[in-house]
Amino acid sequence: MKIAIINYGAGNIQSILFAIERLGFTAVLTNNPDEIQQADKVIFPGVGEASYAMQKLKESGLDSMIPTLKQPVLGICLGMQLMCNHSEEGNTEGLGIFDANVIRFSTNVKVPQMGWNQIYNLKSPLFEGINNNEYMYLVHSYYVPNCNEAIANTNYDVEYTSALQKNNFYGTQFHPEKSGDVGEQILGNFLKL
Numbered sequence: 001m002k003i004a005i006i007n008y009g010a011g012n013i014q015s016i017l018f019a020i021e022r023l024g025f026t027a028v029l030t031n032n033p034d035e036i037q038q039a040d041k042v043i044f045p046g047v048g049e050a051s052y053a054m055q056k057l058k059e060s061g062l063d064s065m066i067p068t069l070k071q072p073v074l075g076i077c078l079g080m081q082l083m084c085n086h087s088e089e090g091n092t093e094g095l096g097i098f099d100a101n102v103i104r105f106s107t108n109v110k111v112p113q114m115g116w117n118q119i120y121n122l123k124s125p126l127f128e129g130i131n132n133n134e135y136m137y138l139v140h141s142y143y144v145p146n147c148n149e150a151i152a153n154t155n156y157d158v159e160y161t162s163a164l165q166k167n168n169f170y171g172t173q174f175h176p177e178k179s180g181d182v183g184e185q186i187l188g189n190f191l192k193l
C-alpha cells in the first residue's frame, strides 16, 4: 500500500510517520502532485496558522489538486480545518471539501484548547472498535461548529465537530498520532478504508 503524507511546510509530519511505522506500514513525505495522486491513502496534516498554510498549498498547486483526490484522504487538525469552506484564522478561504466554517473559541475558555478531551457521537468506519468518550489529544484555538458532515463531537465551552466525513474525505480535529493506542487504532482504521 502506498501512503502519502502531504509535506507542505505546515505539518507535524514526523509523529504521523512514526505512528504509521508502528502500525507496520511505510509512508512517503511528499508535495509532488503525481506521487500524491498515485497513493492508495493520503494524509493531510497541519500545525500552524491557516492563512500561511493555505499560501503554501497554493504555491505548490496542491490547493486545486487535493479536492480532486478519489482515494481516502485524512486531514488532521489544521489539515481538517483547511478542508472546510472558510476559517476565521487569517480570514482564510479553505478548500471547500467540507461544507463548514472554522471559528475561534470564545473568551469564556482558555485558548488554545490543549490536552486530552473526549470524543463521542461516533458515526463512521473510521471509529470501528472505538468506544464513545475515548480521550484524544487536541491543540487548537479554532473549531468547526456542529454540522451535517460531523462524525464525532467534543465539548469545550460548546459542543463542536471533532471529526468530519464527506465521501472519501475524512478529518479529525484531534491528533490520532499523539493519542496513544486508541489514536493509532483510528489511523489503522483509516488505512483499511
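So for the sequence shown, UniProt numbering puts the first residue at 1; every next one is plus one.
Using N, Cα and C, we set each Cβ at its ideal position, and we do this for glycine too.
Quantities reported herein were computed from a predicted structural model and do not represent experimental measurements.
Asked                                                                                                                                                                       : Found
Which runs of the alpha helix (DSSP H), 4 residues or longer, sit entirely within the stretch 118-183?                                                                      : none
Which term fits Gly-171, buried or exposed, when burial requires 16 or more other beta carbons within 10 angstroms of its beta carbon?                                      : buried
Assuming Val-42 and Gln-71 are in contact, meaning their beta carbons sit under 8 Å apart, how far apart are those beta carbons, in whole angstroms?                        : 6 Å
Please report how far the alpha carbon of Asn-148 lies from the alpha carbon of Asn-32, in whole angstroms.                                                                 : 32 Å
If you follow the alpha helix (DSSP H) that Leu-193 is part of, which residue opens it and which one closes it?                                                             : Note, Leu-193: premise wrong, no alpha helix (DSSP H); not H, not E.
Drop a sphere of 10 angstroms on the beta-carbon of Phe-18, count the other beta-carbons inside from all chains shown, and report buried for 16 or more, exposed for fewer. : exposed
Could you give the residue range of the alpha helix (DSSP H) that holds Pro-19?                                                                                             : Contrary to the premise, residue 19 reads as Ala rather than Pro in this sequence. That run of the alpha helix (DSSP H) goes 13-22.
What residue does the alpha helix (DSSP H) around Ala-100 start on, and which one ends it?                                                                                  : First-last for Ala-100: 98-104, but that is the beta strand (DSSP E), not the alpha helix (DSSP H).
Going by DSSP, what residues sit across from Glu-93 in a beta bridge?                                                                                                       : His-86
Note down the Cα distance separating Glu-88 from Asn-12, rounded to an integer number of angstroms.                                                                         : 22 Å
Since I believe Phe-105 is in contact with Gln-118 (beta carbons under 8 Å), could you give me their beta-carbon distance rounded to a whole number of angstroms?           : Actually they are not in contact, since the Cβ atoms of Gln-118 and Phe-105 sit about 17 Å apart, beyond 8 Å.
Assuming contact is defined by CB atoms lying nearer than 8 Å, are residue 233 and Ala-4 in contact in what I supplied?                                                     : Absent from the structure is residue 233, since the part of the chain shown begins at 1 and ends at 193.
Taking just the CA atoms, how far does Glu-159 sit from Thr-92?                                                                                                             : 23 Å
Out of Phe-190, Gln-38 and Cys-84, which one is the CA nearest neighbour of Leu-69?                                                                                         : Gln-38
Could you pull out every residue in the same chain whose Cβ sits closer than 8 Å to the Cβ of Leu-23, ignoring the five residues on either side in sequence?                : Glu-184, Leu-187, Gly-188 and Leu-191
Roughly how many angstroms separate the alpha carbons of Asp-34 and Ile-6, rounded to a whole number?                                                                       : 12 Å
Just how far apart, CA to CA, sit Pro-45 and Asn-131?                                                                                                                       : 24 Å
Buried or exposed: which applies to Val-109, given that a residue is buried once 16 or more other Cβ atoms fall within 10 Å of its Cβ?                                      : exposed
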